[in-house]
């Protein structure tokens with residue numbers, strides 16, 4: 071074997087192998103082959119912070135195989151991706167294989183095409199130790215922070231917690247946004263929109279020049295409009311242009327894939343990785359919008375071919391971010407002529423998005439005509455109506471692509487087309503609607519908008535956005551979820567045919583979809599870190615650390631000096647915090663239990679956020695209850711807390727028996743006689759009614775009835791023939807026996823035939839084979855009989871809903 075080429079993934083190796091042909095063996099390292107040890111710091115603090123790398127346990131076989139192949143090869147090529155992380159992987163592979171790092175050939179390419187691979191092989195370089203040092207500086211610094219901060223959190227808050235340098239800052243952003251929202255006081259106002267018809271006989275809308283502060287002012291304005299004349303006072307027509315967006319970078323593709331395709335940040339990167347490894351797109355971890363001259367020409371040719379020469383306008387974009395690496399390219403298709411590529415639906419959708427964005431970026435700006443008409447009100451000189459419209463005269467790039475927005479625009483804010491309007495034209499008013507609106511709180515972060523914010527602050531780099539967002543969720547500091555809104559009343563007044571009609575309507579507001587919420591433990595950890603480690607949680611400080619990594623990559627700053635300067639003050643803060651900082655539980659005093667007159671507090675307990683009534687010093691033991699999903703300590707009220715102790719509760723009577731709602735070890739359920747019915751997610755054990763429960767129990771009873779086919783007595787025990795999920799079976803002495811196929815129907819089986827099936831069943835398969843010993847499970851939490859009794863007693867003398875089965 072003449073040449074051994076080492077890449078990081080098997081998918082990439084297969085694609086490259088096709089282009090290199092004979093004489094080249096292409097093998098994958100499957101990512102990192104070494105890492106810092108898991109159970110120790112792995113950094114020699116006293117020896118210039120030297121890392122103590124060890125071969126990862128799951129990579130021993132990979133390293134041995136690569137080492138054997140390297141010995142047979144005349145030349146070894148390192149072909150991992152071109153960024154700091156993969157440069158370091160290349161260096162670690164070379165070290166593990168015993169190669170001379172200074173002489174080992176390093177080839178890089180931004181796309182996996184034959185042309186790019188051939189060019190890379192013709193122009194090899196050696197491993198860039200500045201890039202390796204920058205990666206090592208990040209890895210060492212993050213290990214020092216995590217290894218020293220985590221024990222502080224264990225001692226001061228709760229065991230099992232951890233903290234990270236960039237992740238903690240991301241959590242802080244989410245916590246601060248949540249508190250902004252909690253403090254936000256929504257104020258209402260009235261937006262006024264008129265419908266008019268002019269000489270063109272086409273109806274159009276116009277908005278009042280100012281919003282009105284309250285219902286009285288809105289009604290007063292409508293009164294003044296009853297006998298008004300509406301005249302076009304002025305018409306402005308201005309030409310305008312819309313520019314296409316730059317081609318994708320890592321952060322912009324994460325944002326746009328979230329908005330247009332509903333992809334999470336992690337999913338976007340996983341799909342993009344596959345497209346890259348198969349040679350469909352350029353490298354997907356980049357902060358540059360630069361497009362190679364070859365790609366610009368290829369896009370120009372494709373645009374001309376598909377849409378015509380006039381649609382083409384070659385453009386070279388400049389990255390706004392001062393931290394970007396212009397040596398890299400944007401994310402674009404490797405072959406502009408292919409508007410479709412990929413295997414599964416996700417890959418096809420993401421590829422199409424990349425193709426459209428890249429092609430549109432090289433197209434001419436759209437030409438629009440903007441019209442603004444001012445409408446005077448004869449009876450009111452304080453206000454005007456403003457009608458705005460926009461007409462696309464030539465679509466150009468819009469024929470292919472238009473970027474989405476972070477937040478959906480209000481329908482009434484979208485500009486449409488206006489009919490032809492002339493100065494001095496008298497209009498007919500059809501109606502004027504004054505609708506109550508409410509100021510919105512700042513939007514919660516989505517994964518995509520958080521990436522955008524991190525990029526704006528200079529925190530993290532293209533390779534770190536997705537891992538950061540995944541980590542804060544895995545650690546339980548942040549959750550991504552949908553939350554239901556609440557019903558709100560609002561007023562509307564309509565002036566139509568000289569009459570004002572007022573109506574109060576209802577709307578659902580505040581619903582959230584796939585938004586990031588801080589958890590209680592996330593808030594407590596954040597507050598503790600902000601109070602005790604101001605630099606680590608400071609946005610500017612974190613951004614300056616990222617800049618220092620960049621300087622190391624450029625060769626203008628030494629890794630050891632950077633880490634030394636960071637670690638000294640940080641280590642001192644750790645020692646000071648362990649000794650002097652108070653323990654934190656996030657405790658919030660909610661008030662007094664009206665029944666027992668004991669203190670009620672919410673806090674972080676051993677198993678998460680909880681409410682406690684009473685203290686350990688009281689004669690009776692304190693009562694505890696976990697918070698429900700969606701509840702948080704910060705927003706919890708005394709009323710919310712006391713409702714947590716309402717279970718088990720009697721929800722009513724059915725066929726002469728009580729029905730009890732309770733929460734078990736794993737999920738909420740309802741108990742009726744000997745039946746236990748799990749509650750679906752759509753029903754809440756705290757609010758479920760007897761009417762909602764009846765269909766569930768009737769289904770359960772029917773299932774149980776249909777389950778039994780027949781039974782026989784045998785040696786003092788029952789032989790049961792039952793219907794199961796996968797067909798009929800026999801149950802005897804705690805063991806299930808399959809009824810052989812091709813035999814009698816289960817309903818026709820006799821006692822002797824059942825005994826024969828049982829006797830012929832291989833005993834070693836289930837009954838006599840001893841299973842390995844398992845740790846005993848904790849018994850499921852039982853419903854307290856006293857509590858149920860009290861619940862029943864509390865109903866004595868009160869009307870309880872009794873329901874009988876429908877005849």
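In my numbering, the protein residues as written are 71 to 877. A virtual CB, placed ideally from N, CA and C, is assigned to each residue, including glycine. Remember, predicted model here, so these are calculated numbers, not experimental data.
The alpha helix (DSSP H) spanning residue 435 covers which residue range? First-last for residue 435: undefined, no H or E at that position.
Whole-angstrom Cβ separation of residue 748 and residue 739, contact assumed at under 8 Å? 5 Å
With H, G and I counted as helix, E and B as strand and the rest as coil, what does DSSP make of residue 611? helix
Measure the alpha-carbon distance for residue 800 versus residue 821 and round it to whole angstroms. Roughly 11 Å separates the two Cα atoms.
DSSP-derived helix/strand/coil call for residue 424: The answer is helix: DSSP assigns residue 424 an H, G or I state.
Taking 8 Å as the cut-off, decide whether the C-beta atoms of residue 435 and residue 467 are in contact. yes
Name the one or two DSSP bridge partners that residue 340 has. Assignment of beta-bridge partners to residue 340 by DSSP yields no partner.
Quick one: Cα of residue 414 to Cα of residue 341, how far? 10 Å
At which residues does the alpha helix (DSSP H) containing residue 200 begin and terminate? From DSSP, the alpha helix (DSSP H) with residue 200 extends over 199-226.
Residue 655 and residue 684 look like a contact to me (Cβ under 8 Å); what is the Cβ gap, rounded to whole Å? Their Cβ separation, rounded to whole angstroms, is 16 Å, which puts residue 655 and residue 684 out of contact at 8 Å.
Quick one: what does DSSP say residue 638 is sitting in, helix, strand or coil? helix
Are the Cβ atoms of residue 449 and residue 295 separated by less than 8 Å? yes
Alpha-carbon spacing of residue 731 relative to residue 775, whole angstroms: 23 Å
Whole angstroms is fine: what's the gap from residue 420's alpha carbon to residue 331's? 8 Å
On the three-state DSSP scale, how would you describe residue 83? helix
Given a cut-off of 8 Å on the beta-carbon distance, is the pair residue 112 and residue 208 in contact? When the beta-carbon positions are compared, residue 112 and residue 208 stay at least 8 Å from each other.
With 16 as the cutoff for other CB atoms within 10 Å, does residue 161 come out buried or exposed? Classification of residue 161: buried, given that the 10 Å Cβ count is 16 or more.
Do residue 166 and residue 194 have their beta-carbon atoms positioned less than 8 Å apart in this structure? no
Looking only at DSSP bridge pairs, what is residue 146 linked to? 74
For residue 252, which of helix, strand or coil comes out of DSSP? helix
Between residue 163 and residue 103, how many whole angstroms is the CB-CB distance? I'm expecting something under 8 Å. 6 Å
Which of the three DSSP states is assigned to residue 578 in this structure? strand
Mind checking whether residue 300 and residue 487 have CB atoms under 8 Å apart? No, the pair does not count as a contact, with Cβ atoms beyond the cut-off.
Would you report the Cα separation of residue 123 and residue 219, rounded to the nearest angstrom? 21 Å
Mind checking who residue 602 pairs with in its DSSP beta bridge? In the DSSP output, where bridge partners are listed per residue, residue 602 has none listed.
Is it the case that the Cβ atoms of residue 324 and residue 548 are separated by a distance below 8 Å? no
May I ask you to report which of helix, strand or coil DSSP gives residue 124? strand
Less than 7 Å between C-beta atoms, sequence neighbours within five positions excluded: which residues of the same chain meet that for residue 609? The beta carbon of residue 609 is closer than 7 Å to those of 239, 527 and 529 in its chain, skipping five residues each way along the sequence.
Between the alpha carbons of residue 379 and residue 369, how many angstroms are there, rounded? Roughly 12 Å separates the two Cα atoms.
Taking only the alpha-carbon atoms, compute the straight-line gap between residue 399 and residue 356 and give it to the nearest angstrom. C-alpha separation (whole angstroms): 7 Å.
In chain order, what residues of the same chain have a beta carbon less than 7 Å from the beta carbon of residue 427, not counting five sequence neighbours either side? 315, 317, 318 and 471
Inter-residue Cα distance where the pair is residue 143 and residue 173: 15 Å
Is it the case that the stretch 540-547 contacts the stretch 255-271, given that we only count it when at least three CB pairs across the two stretches are under 8 Å? no
Using a threshold of 8 Å, state whether the C-beta atoms of residue 457 and residue 276 are closer than that. yes
So, at 6 Å on beta carbons, what are the nonlocal neighbours of residue 745 in its own chain, with the 5 sequence-adjacent residues on each side left out? 770
Closest by CA to residue 376, which one among 451, 333, 469 and 362? 469
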